[in-house]
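Chains A and B, in that order, are what the protein sequence lines are. Following this note's numbering, the numbering of the first sequence begins with 124 at its first residue and continues without gaps. Following this note's numbering, the numbering of the second sequence begins with 298 at its first residue and continues without gaps. First up is the structure itself, then whatever we jot down about it.
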Amino acid sequence: MATVAEHGEHHESSPPKGWLRWVTTTNHKDIGTLYLTFALIMFFVGGAMALVIRAELYKPGLQLVDPHFFNQMVTLHALIMVFGAVMPAFAGFANWMIPPMIGAPDMALPRLNNWSFWLLPFAALLLSSTLFMDGGAVAAGWTLYPPLVLQTGNALPFTIFSVHLLGLSSILASINIIVTIFNLRAPGMTMMKMPMFCWTWLITAFLLIMVMPVLAGAVTMLLTDKYFQTSFFNPAGGGDPVLFQHLFWFFGHPEVYIIILPAFGIISHVIPTFARKPLFGKNSMVYATAVIGFLSFIVWSHHQYTVGMPVPAELYFMYSTMLIAVPTGVKVFNWLATMWKGSLTFETPMLNALGFLILFVIGGFTGIMMSQVPADLYYHDNYFIVAHFHYTLVGGGVFAIFAGIYYWLPKWTGIMYDERLGKLHFWLSFLGFNVLFFPQHFLGLAGMPRRIPDYALQFTEFNQISTVGAFIFGFAQLLLVYVVYQAIRGVGERVNSEVWEGAKSHGLEWNLPSPMPYHHSFEGIDIQKAIACE
Amino acid sequence: MIVHQGSKFEQQCWILLPNASLTCHQAKVLLGAVGVGMALISGGFAWAGAWPVLPFAGIELGLLGWGLSWSLRQSAGREVITVNPVAIRIERTANRGRVCYEFHRAWVRIDWQKPKTLGEPSRLLLGSHGRRVEIGAFLIEEEKAALLKSLRQVLSSSS
Ligand SMILES: [Cu+2]
Numbered sequence: 124m125a126t127v128a129e130h131g132e133h134h135e136s137s138p139p140k141g142w143l144r145w146v147t148t149t150n151h152k153d154i155g156t157l158y159l160t161f162a163l164i165m166f167f168v169g170g171a172m173a174l175v176i177r178a179e180l181y182k183p184g185l186q187l188v189d190p191h192f193f194n195q196m197v198t199l200h201a202l203i204m205v206f207g208a209v210m211p212a213f214a215g216f217a218n219w220m221i222p223p224m225i226g227a228p229d230m231a232l233p234r235l236n237n238w239s240f241w242l243l244p245f246a247a248l249l250l251s252s253t254l255f256m257d258g259g260a261v262a263a264g265w266t267l268y269p270p271l272v273l274q275t276g277n278a279l280p281f282t283i284f285s286v287h288l289l290g291l292s293s294i295l296a297s298i299n300i301i302v303t304i305f306n307l308r309a310p311g312m313t314m315m316k317m318p319m320f321c322w323t324w325l326i327t328a329f330l331l332i333m334v335m336p337v338l339a340g341a342v343t344m345l346l347t348d349k350y351f352q353t354s355f356f357n358p359a360g361g362g363d364p365v366l367f368q369h370l371f372w373f374f375g376h377p378e379v380y381i382i383i384l385p386a387f388g389i390i391s392h393v394i395p396t397f398a399r400k401p402l403f404g405k406n407s408m409v410y411a412t413a414v415i416g417f418l419s420f421i422v423w424s425h426h427q428y429t430v431g432m433p434v435p436a437e438l439y440f441m442y443s444t445m446l447i448a449v450p451t452g453v454k455v456f457n458w459l460a461t462m463w464k465g466s467l468t469f470e471t472p473m474l475n476a477l478g479f480l481i482l483f484v485i486g487g488f489t490g491i492m493m494s495q496v497p498a499d500l501y502y503h504d505n506y507f508i509v510a511h512f513h514y515t516l517v518g519g520g521v522f523a524i525f526a527g528i529y530y531w532l533p534k535w536t537g538i539m540y541d542e543r544l545g546k547l548h549f550w551l552s553f554l555g556f557n558v559l560f561f562p563q564h565f566l567g568l569a570g571m572p573r574r575i576p577d578y579a580l581q582f583t584e585f586n587q588i589s590t591v592g593a594f595i596f597g598f599a600q601l602l603l604v605y606v607v608y609q610a611i612r613g614v615g616e617r618v619n620s621e622v623w624e625g626a627k628s629h630g631l632e633w634n635l636p637s638p639m640p641y642h643h644s645f646e647g648i649d650i651q652k653a654i655a656c657e
Numbered sequence: 298m299i300v301h302q303g304s305k306f307e308q309q310c311w312i313l314l315p316n317a318s319l320t321c322h323q324a325k326v327l328l329g330a331v332g333v334g335m336a337l338i339s340g341g342f343a344w345a346g347a348w349p350v351l352p353f354a355g356i357e358l359g360l361l362g363w364g365l366s367w368s369l370r371q372s373a374g375r376e377v378i379t380v381n382p383v384a385i386r387i388e389r390t391a392n393r394g395r396v397c398y399e400f401h402r403a404w405v406r407i408d409w410q411k412p413k414t415l416g417e418p419s420r421l422l423l424g425s426h427g428r429r430v431e432i433g434a435f436l437i438e439e440e441k442a443a444l445l446k447s448l449r450q451v452l453s454s455s456s
């Protein structure tokens, strides 16, 4: 049919094909896919760096890399995993699932959505390119503490710029999520009816927009201190390096909740589905999430016990930190109560959710240990800390990502992934992870310091075990890629809209056809309100 | 199910509305609350000497305000489709103003255009003689399907 391209009329131009489609897309599903793909690539880049670290630590003494490069690996591994892998992965889930969960046709700000994704690859490329600059990449650790970080060579301004870009990307994504959830809910979808995943992401988005200006300000001050003769953090000019630590951790502590809250959201969908029971205490889950979000703003100095603080301040941060165990305990209790007397089955998403539960609880307990000021004076800066935060961020965050991928992949692709390989991937990951990080608790308690490429002879065996675990965990992820790739290619059994037995009662997305149509539909919304007549 | 009114002078009409769960007042309260939070945080740090946090907080608040107002303006749009014995009329009200299309009822065609590539939305196109207008672009798939059914029913009945 001929087309008339009058103003405001329908243009029958076909959408861009090939790679251009991905560059120009404003469709939330495409952008979700982009986020998840990018996260997967970065997961391998950051993972390769982790394997360099573990390979060097296989034996005492220096074998593979020089200490300066080792520290660059430690720093970039952290920055890439946090900003490049885990956060974008959750943003991918948000893009895919929030609109159908609230009955919206797309995200509220589709073009901004495109931009917030496309900032990421450039930021990541810039950050990685600093490895080849004069003086190497930043080697002061992801916390970027001055004055050490100011000794970085040419890489410093580029690193700071890429942190700005990564921060901007998360801010734009958060604004989009906030506006979408507040304005684009379908009639009848009240806030308290909203699924847990939307709730956890909403609170995460608020945390992000509250703390990102602090990080942006802090790194900008590093830049001006180095190049424009200011002295925010330089005592010689009346500044204070500890101020940077306050700024950084005011961002850094909420950041760990930014990573873990969406994980809680995913788990709150997976466990009820495979227990065939509704989520126990849904409202208390919402309140607990909000309380965790609030508490995350008032505990930051528990990362600075050894810096020197007045005793009352240390006591305050110790008690407020211990308080976090209460809402977190509510959540764990609710998940357990959801499973109680449920008809449980253990498909891959459920296995990963249970893996999450076990590992995250271990990480939570070591967290309570570290919240104690007198104990932390000993734990500080040793491998106990490394073990702790990997149990929360990998055991918690990454295993929840696995659970979410296996849970929703059939919905996205219309194809059931290879369950046998999925289970194998879980068991190898779970085993590899524990072999990798559990011994690090003992290494830390025995006094092995973190961020050092060499160690005393008595730590050898446990480091070797840890390195073996690292390679198992790392290479197991190739299985994940294979399983996902096969499902995307369409190899496997077709699934119906429900996918998981009884899933229809656990979320509106399970009423949609699989694969999910573009611009969704779902039942249960009062269409009369959307299409009414006067 | 779609309800539409058919008795008024043999005229039937549908009003299509995008999702709009936020009122302007609520948006202001939200922005104000975020603003107070940010002012407390960045003000506190500025007091401690780290004033560069302030401009970043300000820019971010501005972005949030822009996002909210843009989305509110999008949600304020609407499409009114009226069918009388001779013509079908589409009135689209958006923030840019009001546009109106009219087609002869006997000639009008409604098409459900399925996505050509995965990643494109399905479209509901209405028109005749090569002039076509997309209707209900802001609706979800199921609402579009319901609208299509309802429109076809009315149009196929002889007038
Ligand atoms: Cu903390």
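Using N, Cα and C, we set each Cβ at its ideal position, and we do this for glycine too. Since we're looking at a predicted model, the values are computed, not measured.
Residue-level contact to chain B via CB, residue i, 7 angstroms cutoff
{"i": "ALA214/A", "result": "no"}
{"i": "ASN236/A", "result": "no"}
{"i": "LEU232/A", "result": "yes"}
{"i": "ARG308/A", "result": "yes"}
{"i": "ALA173/A", "result": "no"}
{"i": "PRO228/A", "result": "yes"}
{"i": "ILE154/A", "result": "no"}
{"i": "PHE469/A", "result": "no"}
{"i": "VAL604/A", "result": "no"}
{"i": "ILE298/A", "result": "yes"}
{"i": "PHE351/A", "result": "no"}
{"i": "PHE305/A", "result": "yes"}
Cβ-based burial, residue i [other Cβ within 10 Å; buried from 16]
{"i": "ASN150/A", "result": "buried"}
{"i": "GLU440/B", "result": "buried"}
{"i": "PRO395/A", "result": "buried"}
{"i": "ARG389/B", "result": "buried"}
{"i": "ARG617/A", "result": "exposed"}
{"i": "VAL604/A", "result": "exposed"}
{"i": "CYS321/A", "result": "buried"}
{"i": "ARG420/B", "result": "buried"}
{"i": "MET462/A", "result": "buried"}
{"i": "TYR428/A", "result": "buried"}
{"i": "LYS349/A", "result": "buried"}
{"i": "ARG308/A", "result": "buried"}
{"i": "PHE353/B", "result": "buried"}
{"i": "VAL393/A", "result": "buried"}
{"i": "SER454/B", "result": "exposed"}
Heavy atom of ligand 1 within 6 angstroms of residue i beta-carbon
{"i": "HIS511/A", "result": "no"}
{"i": "HIS503/A", "result": "no"}
{"i": "HIS376/A", "result": "yes"}
CB contact check: residue i to chain A, cutoff 7 angstroms
{"i": "GLU357/B", "result": "yes"}
{"i": "ASN316/B", "result": "yes"}
{"i": "GLY334/B", "result": "yes"}
{"i": "LEU445/B", "result": "no"}
{"i": "GLY340/B", "result": "no"}
{"i": "LEU365/B", "result": "yes"}
{"i": "PRO349/B", "result": "yes"}
{"i": "SER453/B", "result": "no"}
{"i": "ALA354/B", "result": "yes"}
{"i": "SER368/B", "result": "yes"}
DSSP bridge partner residues for residue i (one or two, in chain order)
{"i": "CYS397/B", "result": "GLU388/B"}
{"i": "GLY424/B", "result": "ARG406/B, ARG429/B"}
{"i": "THR379/B", "result": "CYS310/B, ARG386/B"}
{"i": "PRO572/A", "result": "ASN505/A"}
{"i": "LEU370/B", "result": "It should be noted that the sequence gives Arg, not Leu, for residue 370/B. In DSSP, ARG370/B forms no bridge with anything."}
{"i": "ILE176/A", "result": "DSSP output for ILE176/A lists no bridge partner at all."}
{"i": "ARG617/A", "result": "ILE538/A"}
At a Cβ cut of 9 angstroms, what residues of the segment 334 to 346 of chain A count as close to chain B, listed as they run along the chain? Within the segment 334 to 346 of chain A, those residues whose Cβ lies closer than 9 angstroms to any Cβ of chain B are, in chain order, VAL334, MET335, PRO336, VAL337, LEU338, ALA339, GLY340, ALA341, THR343, MET344.
Counting only Cβ-Cβ distances shorter than 8 angstroms, please list the residues of the segment 360 to 376 of chain A near chain B, keeping chain order. Those residues of the segment 360 to 376 of chain A placed with their C-beta closer than 8 angstroms to a C-beta in chain B are GLY362, ASP363, LEU366, HIS369, LEU370, PHE373, ordered along the chain.
Could you name the residues of the segment 372 to 390 of chain B whose beta carbon sits closer than 9 angstroms to any beta carbon of chain A, in the order they occur along the chain? Of all residues in the segment 372 to 390 of chain B, those with a C-beta nearer than 9 angstroms to a C-beta of chain A are SER372, VAL377, ARG389, reading in chain order.
Taking a Cβ distance cut-off of 7 angstroms, strictly less, list which residues of the segment 427 to 440 of chain B are near chain A, in chain order. Listed in chain order, the positions of the segment 427 to 440 of chain B with a beta carbon within less than 7 angstroms of a beta carbon of chain A are GLY427, ARG428, ARG429, VAL430, GLU431, PHE435, LEU436, ILE437, GLU438, GLU439, GLU440.
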